[in-house]
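If you're matching them up, the sequences are chains A and B in order.
Numbering of the first sequence is given in this note's numbering, commencing with residue 1 and proceeding in unit increments.
Numbering of the second sequence is given in this note's numbering, commencing with residue 138 and proceeding in unit increments.
One structure below.
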Amino acid sequence: MFSLSDSPLDPKKLEKHLHAAEAGAFVSFQGWVRNHNDGKDVIRLEYEAYQDLALKEGQRIMEEATEKFDLIDALCVHRIGKLEIGDIAVWVGVSSAHRDTAFSASRFIIDEIKKRVPIWKKEHYDSGDSGWVNCET
Amino acid sequence: MKEVRIRYFALLREQCGKEKEVRKTESGTAGDLYDELQKLYGFSLDQERLWVAVNHEIVSWSHVLDDDDEVVFIPPVAGG
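Below, the structure is given as structure tokens:
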């Protein structure tokens, strides 16, 4: 399941959703807000999403991962709104019978989310400037 | 003449100053519509940098628009 959240993510709560007796492995990934990008000092950022399509495409990715890696369950929540340095921007968790597929699936999910989901990031810099990532001309 | 509903996000939203609009257009395809709007609003991103969605599905720029379609131009994504 893929969802968006405009409030801080709670990893312990999210992890609980994936507990299953038949799972021998659980792997999670957290994306954190970093204080630098492309040589610039980032002081905070904002995420914006085209929600209808983000939820659709995010859900497609989770289903693809579940099938491709034979997962027991998979969960991803992505933040929208204003974030500070160190905040969790995205949480991915997967459970499966064995660790090999759990590692591969979590990698697949975050990679696909970064490529395909209509979410945009605006960085605010120490210099006072701001910019939408990947949108430079 | 068709009437389409357009939603703007991120950089495009900032550059045209609106989140959405209903627009009557002679443009036949999604690509034609973006050309029209880029001329009007001065969008800095060219078509080849963007994706386009109609009614919440990504389509090609040659997709022919229908009356009442919801069109969203998608700037380069940066989630995750």
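Where a beta carbon is used, it is the ideal one built from N, C-alpha and C, also for glycine.
- Within the same chain, and ignoring the five residues on either side of S106(A) in sequence, the residues whose Cβ sits closer than 8 Å to its Cβ are V27, S28, F29, V92, G93 and V94.
- Cβ-Cβ separation between W120(A) and F146(B): approximately 6 Å, consistent with a contact (criterion under 8 Å).
- The beta carbon of M138(B) sits closer than 8 Å to the beta carbons of K161, T162 and E163 from its chain, once the five residues preceding and following it are set aside; these are given in chain order.
- Interface flag for S181(B) against chain A is set, since a Cβ pair is found closer than 8 Å.
- Taking a Cβ-Cβ threshold of 7 Å, none of the residues of chain B is close to W32(A); the smallest such distance is about 11 Å.
- Residue pairing by DSSP places E48(A) opposite W120(A) in a beta bridge.
- In this chain, the alpha helix (DSSP H) harbouring L148(B) covers A147 to C153.
- By the 16-neighbour rule on beta-carbons within 10 angstroms, E84(A) is exposed.
- Within the region 139 to 196 of chain B, the runs of beta strand (DSSP E) that reach at least 3 residues and sit entirely inside it are, in chain order, 139 to 144, 157 to 162, 188 to 191 and 194 to 196.
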